[in-house]
Amino acid sequence: MAVLNPLGFQREAVDRLVIAFLRLWKGNIRQAPLVFKSPTGSGKTFMMASFINELNNLPQWDEDKAFIWITFSDDLAMQSRDKFIKYFENTLKNDLITVDDFNREKLRKNDILFINWQKLVSRRAEDRRLRRPEEEKDHKETGVYFEDFIENTHEDGREIILIVDESHTHKTTELAGNVVDGINPRIIIDVSATPKPNSIPTAEDIEEGRGGFVYVKRDDVVDEGLIKEKIIVQTEEEIRRFGQTDLDEVLLQLGLVRRAELKRQLVALGKNVNPLMLIQLPNDDQKLREIGQRKKEDIVLEFLRGKGVDIESRVAMWFDNYKKNLDFIEENDDEVDFMLFKQAAGTGWDCPRAHVLVMFREIQSTTFYAQTVGRILRMPEPEKSADYINTPDLRTGFLYTDYRREEIKDIEVVAGNKPATFFSELRKGKEKEIQDFELPSAFIQRVDYGDIADSAKFQRSLAKSFNEYFGITEEGVFDNIQEKLISKGLEINTHIDTSLVVDAEFEDFDKMSLEFKRRGHDYKHEISNNDVEKLFNYYCYNVLTEQTDEDAKISNVARSWNRLKSALRVWNTKYLNFTNIQFYKIFINDMFREARSTFRPAITKALKDYRPILKQVLKDRKEKLEKKKRPTFRFKKSYAFTDDYEVLEQGRCLFDPFYIKKNYLGSENEIRFVRYIDGHGKVNWWFKNGDQGQDYFALKYYNTTEQRERLFYPDWIIKFVDGRIGIFDTKAYRTLSTEGRAKGLALKLRELGDGFVGGIVRYANGIFEYCNSVDYDDIVPSNNEWKPMEGLFR
Numbered sequence: 001m002a003v004l005n006p007l008g009f010q011r012e013a014v015d016r017l018v019i020a021f022l023r024l025w026k027g028n029i030r031q032a033p034l035v036f037k038s039p040t041g042s043g044k045t046f047m048m049a050s051f052i053n054e055l056n057n058l059p060q061w062d063e064d065k066a067f068i069w070i071t072f073s074d075d076l077a078m079q080s081r082d083k084f085i086k087y088f089e090n091t092l093k094n095d096l097i098t099v100d101d102f103n104r105e106k107l108r109k110n111d112i113l114f115i116n117w118q119k120l121v122s123r124r125a126e127d128r129r130l131r132r133p134e135e136e137k138d139h140k141e142t143g144v145y146f147e148d149f150i151e152n153t154h155e156d157g158r159e160i161i162l163i164v165d166e167s168h169t170h171k172t173t174e175l176a177g178n179v180v181d182g183i184n185p186r187i188i189i190d191v192s193a194t195p196k197p198n199s200i201p202t203a204e205d206i207e208e209g210r211g212g213f214v215y216v217k218r219d220d221v222v223d224e225g226l227i228k229e230k231i232i233v234q235t236e237e238e239i240r241r242f243g244q245t246d247l248d249e250v251l252l253q254l255g256l257v258r259r260a261e262l263k264r265q266l267v268a269l270g271k272n273v274n275p276l277m278l279i280q281l282p283n284d285d286q287k288l289r290e291i292g293q294r295k296k297e298d299i300v301l302e303f304l305r306g307k308g309v310d311i312e313s314r315v316a317m318w319f320d321n322y323k324k325n326l327d328f329i330e331e332n333d334d335e336v337d338f339m340l341f342k343q344a345a346g347t348g349w350d351c352p353r354a355h356v357l358v359m360f361r362e363i364q365s366t367t368f369y370a371q372t373v374g375r376i377l378r379m380p381e382p383e384k385s386a387d388y389i390n391t392p393d394l395r396t397g398f399l400y401t402d403y404r405r406e407e408i409k410d411i412e413v414v415a416g417n418k419p420a421t422f423f424s425e426l427r428k429g430k431e432k433e434i435q436d437f438e439l440p441s442a443f444i445q446r447v448d449y450g451d452i453a454d455s456a457k458f459q460r461s462l463a464k465s466f467n468e469y470f471g472i473t474e475e476g477v478f479d480n481i482q483e484k485l486i487s488k489g490l491e492i493n494t495h496i497d498t499s500l501v502v503d504a505e506f507e508d509f510d511k512m513s514l515e516f517k518r519r520g521h522d523y524k525h526e527i528s529n530n531d532v533e534k535l536f537n538y539y540c541y542n543v544l545t546e547q548t549d550e551d552a553k554i555s556n557v558a559r560s561w562n563r564l565k566s567a568l569r570v571w572n573t574k575y576l577n578f579t580n581i582q583f584y585k586i587f588i589n590d591m592f593r594e595a596r597s598t599f600r601p602a603i604t605k606a607l608k609d610y611r612p613i614l615k616q617v618l619k620d621r622k623e624k625l626e627k628k629k630r631p632t633f634r635f636k637k638s639y640a641f642t643d644d645y646e647v648l649e650q651g652r653c654l655f656d657p658f659y660i661k662k663n664y665l666g667s668e669n670e671i672r673f674v675r676y677i678d679g680h681g682k683v684n685w686w687f688k689n690g691d692q693g694q695d696y697f698a699l700k701y702y703n704t705t706e707q708r709e710r711l712f713y714p715d716w717i718i719k720f721v722d723g724r725i726g727i728f729d730t731k732a733y734r735t736l737s738t739e740g741r742a743k744g745l746a747l748k749l750r751e752l753g754d755g756f757v758g759g760i761v762r763y764a765n766g767i768f769e770y771c772n773s774v775d776y777d778d779i780v781p782s783n784n785e786w787k788p789m790e791g792l793f794r
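Counting in my numbering, the sequence shown tops out at residue 794, every number present.
Right under this line is the structure:
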């Protein structure tokens, strides 16, 4: 007996899916499209599960078929599988399998394989156990690849039905298309609330049996009590009550008051439902620290403490590297009142009691993730929808956000907030190899951190530069100075409003991104002094990032924006005599003018004027620090890598697993070299050197292009079985012009003496060749004396 029975509209949708499916099956067209469009919150997975269950029980249709259910993440694949188990317990006639079941070597009749789409289209090494390498020599000895799994299924005469969940996020690349072609399904069912218009079969295709289209009306879902009738954004009346209060506090206070009112109404109805307030923090929240401000997380927690909220028991947190109080949060009566999260909870997560969302805009990116709003769309007790008929607030989701109208974009899905970190450990049995191993390394004492460097000198330089730009003299009086500012195009405006979307109501969540630009109106809210300073800080940071002229660029903005802020304040205090807040507002309003700004070109001039002073400051520092002790390179016991790297299988790397950068220029050449040295019997071990930092081996060389001394990190350190150490750098095509690196490496090898070999390596004429000449020709690399690497092995 099924755990759940379909609601009326769900039963009707399942019936129409079965009819459309059987019609396509009879047509015998391969990869026939069947699009299932159903609103967010309507129970798409349940309807699809019910549809498959219906196919199992058709009295006169028992075809030999299996299913592949594709989602866009591992978590969602497992969530979908678990929902099948929940819906049907032990009554489902299908085996629910994952990639861990590839040992069965093929799909059996009625199997449903749940798999992450990205696992199939990815080129990541850790996913190569799924996809078959092109080179036969790279194939594993036992087990099957995804391609084998599919081929074995087809060889059994079994048809495959491909179900693509959230199909609007998939099938957009040539590689993805190749996956579909490889599966060669009899029918492709695209499931989405917002299918791409060009994916929906035409009326003619449907009539001729070349495609199918089944959709669920949103009103039917609302009428059954599954989702709320609408979502409302803050009203103008609510915002007006707070005057110039800090906007962060305004949004939080509005959410807090709304949650309390919803709780009161639920108690009045006798409902044991605790409404949850979601608080979405910016993904780039850490950026606030760089511009001298508190993170939104700190602001929110301080606000809640100030309101008497027990942070330990009443607040949940859902971050990539930290989770708290999430065990029972989806239960209607859970005691957690608030949940802080980033995009981790933006999609694929259901909590029907979530009712209020406070959504803070990103610091740098201004993409509005409408998908996140879907978390407050569901109703907590759909089976008791009649109880809520006289309480419209309980049938409404409430959104409080500082996103501006022009920042509302299409729904986007974001998975995760930070790249994962992986570790490569010293291979077992190699401890003695690194015990006494060391090489004299090199470093260039860093004095240039890409910042403004000397704050006091910059303040004096900026004041001089600004005065020249605006025509201000030491003897100038305030009225005269103000006239000069105005004549230069500066607007003396000390009033700032921020534009908030208010009084907007959205009935159809799946069209929210489009409707946001048309619903409600903009309300001008005068921002608080606290917000003014935060904006001033932001624009001091941002104006530095905008510089494109080389002699105006500041590469380390995080270390420099505060020095620009100080210089601007000092200039204002000495020459303009506005209060700090007045000056901030003038500056911010000028930044709002974008390309018509007056301060932007003045700041560019100030940065250029400071460049010669900065160079002298750095030169003086370098002379003081020149006698630093030269470092020694030693192997660490482990090395860390971000998810910009992927695993490459090998057997002789000193550290395991071996991580290599993804998709970079030269990767093909380096991978070929790894295969060469890893399979060579005369190699004891090899190590892939990093390209920066004192954890890796470096040597000094004179860069002939930049005309200055630089560091060079050769790619490879190899230990031969006879004890010699090889230091090599693989080059190809234009990188064979080494700008002096080859000479630097050749000189270092001479310095190291007997027992060391190496040089620049190229792949030519079907073999690897090396050159270790001090007189390496960078202009015409082919003129060099290239020797076969095999001559080094003995």
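Beta carbons: idealized from backbone N, C-alpha and C, even for Gly.
For clarity, every value in this text was computed on a predicted model and none was experimentally measured.
Alpha-carbon to alpha-carbon, residue j and residue i
{"i": "L76", "j": "N116", "result": "8 Å"}
{"i": "L666", "j": "V761", "result": "For clarity, residue 666 is Gly in the given sequence; the question names Leu instead. C-alpha separation (whole angstroms): 12 Å."}
{"i": "I613", "j": "K457", "result": "8 Å"}
{"i": "F303", "j": "M339", "result": "14 Å"}
{"i": "F712", "j": "M317", "result": "44 Å"}
{"i": "P380", "j": "L394", "result": "10 Å"}
{"i": "T396", "j": "Q694", "result": "57 Å"}
{"i": "E249", "j": "K263", "result": "21 Å"}
{"i": "I603", "j": "D479", "result": "23 Å"}
{"i": "D620", "j": "K553", "result": "21 Å"}
{"i": "S638", "j": "K44", "result": "46 Å"}
{"i": "P352", "j": "V315", "result": "17 Å"}
{"i": "L256", "j": "H355", "result": "11 Å"}
{"i": "T153", "j": "L162", "result": "13 Å"}
{"i": "L326", "j": "V358", "result": "19 Å"}
{"i": "G791", "j": "V721", "result": "14 Å"}
{"i": "T874", "j": "E505", "result": "Since the displayed the chain opens at 1 and closes at 794, residue 874 lies outside it and no answer follows."}
{"i": "L266", "j": "P195", "result": "36 Å"}
{"i": "R741", "j": "D298", "result": "48 Å"}
Top-ranked residue by Cα proximity to residue i, from the options
{"i": "C771", "options": "L752, G753 and T738", "result": "T738"}
{"i": "F102", "options": "K93, I70 and F149", "result": "F149"}
{"i": "F341", "options": "V300, E331 and S313", "result": "V300"}
{"i": "L377", "options": "F423, Q694, R621 and G41", "result": "G41"}
{"i": "I97", "options": "E468, Y763 and S80", "result": "S80"}
{"i": "H495", "options": "K524, I481 and E483", "result": "K524"}
{"i": "T795", "options": "A49, V502, F673 and K109", "result": "Residue coverage of the chain in this structure runs from 1 to 794, which leaves residue 795 outside it and unanswerable."}
{"i": "D810", "options": "F768, E785 and I85", "result": "A query on residue 810 cannot be resolved here, the shown segment of the chain reaching from 1 to 794 and no further."}
{"i": "R210", "options": "G27, M78 and S555", "result": "G27"}
{"i": "I492", "options": "I581, I452 and A558", "result": "I581"}
Bridge-paired residues (DSSP) for residue i
{"i": "D729", "result": "I760"}
{"i": "G683", "result": "It is worth fixing the name first, because residue 683 is Val in this sequence and not Gly. Beta-bridge pairing links V683 to F720."}
{"i": "C525", "result": "Inspection of the sequence shows that residue 525 is occupied by His rather than by Cys. Answer is T498, bridged to H525."}
{"i": "D549", "result": "D549 pairs with nothing; no bridge assigned."}
{"i": "E438", "result": "The partner list for E438 (beta bridge, DSSP) is empty, contrary to what the question assumes."}
{"i": "E238", "result": "In DSSP, E238 forms no bridge with anything."}
{"i": "G397", "result": "I231"}
{"i": "G212", "result": "L34"}
Own chain, CB closer than 8 Å to residue i, minus 5 neighbours either side, in chain order
{"i": "A463", "result": "A567, V570, W571, K574 and Y575"}
{"i": "F423", "result": "S638, Y639, A640 and F641"}
Chain-order list of residues whose beta-carbon lies under 7 Å from that of residue i (same chain, five-residue window excluded)
{"i": "F437", "result": "R634 and F635"}
Residues near residue i in its chain [Cβ-Cβ closer than 6 Å; skip 5 each side]
{"i": "V543", "result": "I603"}
Open item on the list: With three or more beta-carbon pairs closer than 8 Å as the criterion, would you say the segment 569–587 touches the segment 436–453?
Closed with: The segment 569–587 vs the segment 436–453: no contact.
- [ ] May I ask you to verify whether the segment 649–659 touches the segment 722–741, counting CB pairs closer than 8 Å and requiring at least 3?
- [x] Under the Cβ criterion (8 Å, minimum of three pairs), the segment 649–659 does not count as touching the segment 722–741.
Open item on the list: Quick check: the segment 224–241 against the segment 45–62, are at least 3 beta-carbon pairs closer than 8 Å?
Closed with: The segment 45–62 makes no contact with the segment 224–241: fewer than 3 CB pairs, one atom from each, lie closer than 8 Å.
TODO: Taking 8 Å as the threshold, find out whether the segment 696–711 comes into contact with the segment 740–752 through three or more Cβ pairs.
DONE: Flag = yes, the segment 696–711 and the segment 740–752 touch.
- [ ] Check whether the segment 683–694 touches the segment 463–474, taking contact to mean three or more Cβ pairs, one atom from each stretch, closer than 8 Å.
- [x] No, they do not touch.
Task: At least three beta-carbon pairs within less than 8 Å, the segment 530–543 to the segment 424–432 - done: Contact fails: fewer than three Cβ-Cβ distances are below 8 Å.
- [ ] Please determine if the segment 327–334 and the segment 270–284 are in contact, where contact requires at least 3 C-beta pairs separated by less than 8 Å.
- [x] Counting C-beta pairs closer than 8 Å gives three or more between the segment 327–334 and the segment 270–284, which meets the contact rule.
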